[in-house]
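Student: Following the working numbering, the numbering of the sequence shown begins with 1 at its first residue and continues without gaps.
C-beta atoms are modelled at their ideal positions from N, C-alpha and C, and glycine is treated no differently.
Computed from a prediction, not measured in an experiment: that's the story for all the values here.
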Amino acid sequence: VDAQQSEPTESWVTEVRLRLFQGPENSRSLIEMNGRIFTSFKEFIPTLKALSEISRDSPILLDVDDDVPLGEVVQLYDACRSAEFELINFVMDRPAT
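#1: Pairs of beta-carbons, one from the stretch 36-49 and one from the stretch 62-70, closer than 8 Å: are there three or more?
#2: Using the beta-carbon count (16 or more within 10 Å), is Phe44 buried or exposed?
#3: When we look at the beta-carbon of Phe38 and count the other beta-carbons within 10 Å, is it buried (16 or more) or exposed?
#4: My understanding is that Leu20 touches Ser27, with C-beta atoms under 8 Å, so please give their C-beta distance in whole angstroms.
#5: Report the option in Asn89, Leu70, Gln75, Val74 whose CA atom is closest to the CA atom of Ser58.
#6: What residues in its chain sit with their C-beta under 7 Å from that of Phe41, if we drop five residues either side in the sequence?
#7: Just verifying my parser: in three-state terms, what is the DSSP assignment at Asp65?
#8: Could you check what DSSP says for Asn34 in three-state terms: helix, strand or coil?
#9: Which residues in the same chain have their Cβ closer than 8 Å to the Cβ of Val73, if we skip the five residues on either side of it in sequence?
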């Protein structure tokens with residue numbers, strides 16, 4: 001009996017880390033994605049939507065600095081939900097032991 005092995009399928013699912021942090025002198029929050037810095041949500045949203053059209057199943061990791069206003073954290077989360085990403089998680093620091 002010949003057992004055929006199936007070839008592994010290539011997966012495009014890659015983790016997307018979005019970092020939300022305060023700019024110089026806390027002027028405004030900035031978004032970093034794959035090394036690219038976005039200075040506003042207006043600039044960032046089209047890129048996020050384009051990414052979701054390619055791979056909605058890519059897990060999104062939201063890495064938010066402590067000094068970012070809560071409203072902007074919610075705005076980033078809502079933008080990811082609007083782009084219809086399937087998995088959105090927050091990055092948490094491990095507690096010191």
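Tutor: Taking the structure as given:
#1: Below 8 Å, too few C-beta pairs join the stretch 36-49 and the stretch 62-70 to call them touching: fewer than three.
#2: The residue labelled residue 44 in the question sits at position 44 within the sequence shown. By the 16-neighbour rule on beta-carbons within 10 angstroms, Phe44 is buried.
#3: If you number the sequence shown from 1, residue 38 lands on position 38. Buried, since its Cβ has 16 or more Cβ neighbours within 10 Å.
#4: Counting from one through the sequence shown, the residue named residue 20 turns up at place 20. Counting from one through the sequence shown, the residue named residue 27 turns up at place 27. Wrong, their Cβ atoms sit about 14 Å apart, outside the cutoff.
#5: Position 58 of the sequence shown, counting from 1, holds the residue named residue 58. Among Asn89, Leu70, Gln75, Val74, the Cα nearest to that of Ser58 is on Asn89.
#6: For the purposes of this step, residue 41 is taken as the residue at position 41 of the sequence shown. Result list for Phe41: Gln75, Ala79, in chain order.
#7: Within the sequence shown, numbered from 1, the residue matching residue 65 stands at position 65. In the structure shown, Asp65 sits in coil (DSSP, three-state: anything other than H, G, I, E or B).
#8: As a working mapping, residue 34 is identified with position 34 in the sequence shown. DSSP places Asn34 in coil when its eight states are reduced to three.
#9: Mapped onto the sequence shown, residue 73 falls at position 73. These residues qualify, in order along the chain: Leu20, Leu62, Val64.
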